[in-house]
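Input: a single structure, listed below in C-alpha cells.
Numbering (the working numbering), first residue to last: 339 to 724.
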C-alpha cells in the first residue's frame, strides 16, 4: 500500500509538472495575456464550439448528460458478483509493460495536437458506478447489468442474455479481431487532477493521446495471447465530424471482405459524461491501479435500421460483460441496449465500446484497454474449436 501511495504521489507530481510548467513559462515570458494565448487561438476555440455542436453522438452514446451523479443512474453502489462459467487454470499472467502515454511521442501529431498547456476552470468529479436499480435495469446471471432502453420486455432480454455468442472461433493464425475508431480523435485528461480545461474539446489527432492508444493496449494484450488482430488507425472524425460512421464503414468493409476469419469487430470510443462546468471520471481500482470504467453498447433494431440479427450481437455483449466482471469486478457500467446502428449489421460480433469518459486520464484508459484485451483474449481462446 505504501509503495502504491508513493507511486501515485510520483504520478501526481509528474502531472502537476506537465500541467503547470508550460503555464508558468508562458507567464514569465508573456504575462497574463501570454498564458491565455498558450491554450487555444480564437479560431481553434470556434472549431471547438462547432465540433461540440456537431457531436450529436455524445447524448445518445451516453446514458445521460448529467450535472450530478444521481441524475445519471439511480442505484446502489454494490459491485456485481463474479462469473464462474469460464475456465480457471490458476495461472496468473503479469500485465504487459506499456509505455506511459504521457511519455509517448507520435511521429506525426497531426493537425490537432494534444495540448501542452492546460487551464482548469471546470470541475472533475471522480466516481465509481456500481449496480443500479429501476425498471430499466436487470442483472445478467453471470455478472454485470443491462440498461434496457427499448420496448422489448426485460424478461425476454434476460432469457436472451443467457445465450452464448452466435459464432465459433477457429484455432488459426488468421486475424480474429478488428479494432477501429469511428470517432478517432476522442481524447482524455493528462492525469488525475481536480479540474479540467473547458477550452479544450477533448479531441486530438495525436494517436498517442486519443482512442487509438486504447486500441493499441487492447491489441497488445490480445496478441500476447495469440489472437490475431487488425487495428485500423484511420481518422474518421477530423476535420469533419459529420459522416464519421459512413467513413468508418468504408474503412472496415474491405478488411472484413479480405479477412473472413474476423469474428469480433470493436469500435473503440470514449464517453462524455458531464454537464456545464462538470466532467465525471468513472474509475475503479484493479490490482492497486486505477482503471476507467467501460460501457458496452449493443444496438437494437426497431425495424428501420436494417439490423435483423441485432440479438446475436447482444448475446456476445452479455457474454463479454460477464467475463469482464468475473475477471475485474466493477470494471463495467451496465450494457446500453438501445435503438442504435453503429455499423453493427456487419457481423454478429460487432460492439461499440466506451472506455472511460473525457474526464478519465490517459493512464486509466490505457490500463482499461489492457484489462479489456486480456479478458476478451481469454474468452476467445476458451471458444476455440480444438
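We put the CB at the ideal spot given by N, CA and C, even for glycine.
- With fewer than 16 other CB atoms across the displayed protein chains lying within 10 angstroms of its CB, residue 720 is exposed.
- Distance between residue 583 and residue 521, taken at the CA atoms: about 8 Å.
- Membership of residue 688 in the beta strand (DSSP E) is indicated by the continuous run 688 to 693.
- For residue 483, the enclosing beta strand (DSSP E) stretches over residues 483 to 486.
- Per the coordinates, the alpha-carbon of residue 461 lies some 15 Å from the alpha-carbon of residue 526.
- Residue 574 is positioned such that its CB atom lies closer than 8 Å to that of residue 589.
- CA-to-CA, the gap between residue 514 and residue 604 works out to about 11 Å.
- By alpha-carbon distance to residue 555, the top candidate from 601, 443, 542, 437 is 437.
- Measuring C-alpha to C-alpha distances from residue 597 to each of 663, 534, 511 identifies 511 as the nearest.
- Excluding residues up to 5 positions away in sequence, 650, 653, 686 lie with their Cβ nearer than 7 Å to the Cβ of residue 504 in the same chain.
- For secondary structure counted as the beta strand (DSSP E) over 3 or more consecutive residues, the segment 596 to 641 holds these complete runs in sequence order: 602 to 607, 616 to 624, 627 to 630, 632 to 637.
- Separation of the CB atoms of residue 704 and residue 637 is rounded to 27 Å, and the pair is thereby denied contact status at 8 Å.
- At the C-beta level, residue 610 and residue 698 stay beyond 8 Å of one another.
- If you ignore the 5 residues before and after residue 442, its C-beta comes within less than 6 Å of the C-beta of 546, all in its own chain and listed in chain order.
- In this structure the segment 705 to 715 touches the segment 620 to 629; the number of beta carbon pairs closer than 8 Å is three or more.
- Beta-carbon to beta-carbon, residue 659 and residue 517 are separated by about 18 Å, too far to satisfy the 8 Å threshold.
- If the five residues before and after residue 677 are omitted, its C-beta is found closer than 6 Å to the C-beta atoms of 638, 640, all from its own chain and listed in chain order.
- Assigned with DSSP and collapsed to three states, residue 533 falls in strand.
- Residue 717 counts as buried, since at least 16 other C-beta atoms from the protein chains shown sit within 10 angstroms of its C-beta.
- For residue 465, the uninterrupted beta strand (DSSP E) segment begins and ends at 460 to 465.
- Here DSSP, grouped into helix, strand and coil, assigns residue 501 to coil.
- Using a Cβ distance threshold of 8 Å, residue 635 and residue 690 count as a contacting pair.
- Cβ contact annotation for residue 702 (same chain, cutoff 7 Å, sequence separation greater than five): 621, 628, 629, 630, 694, in chain order.
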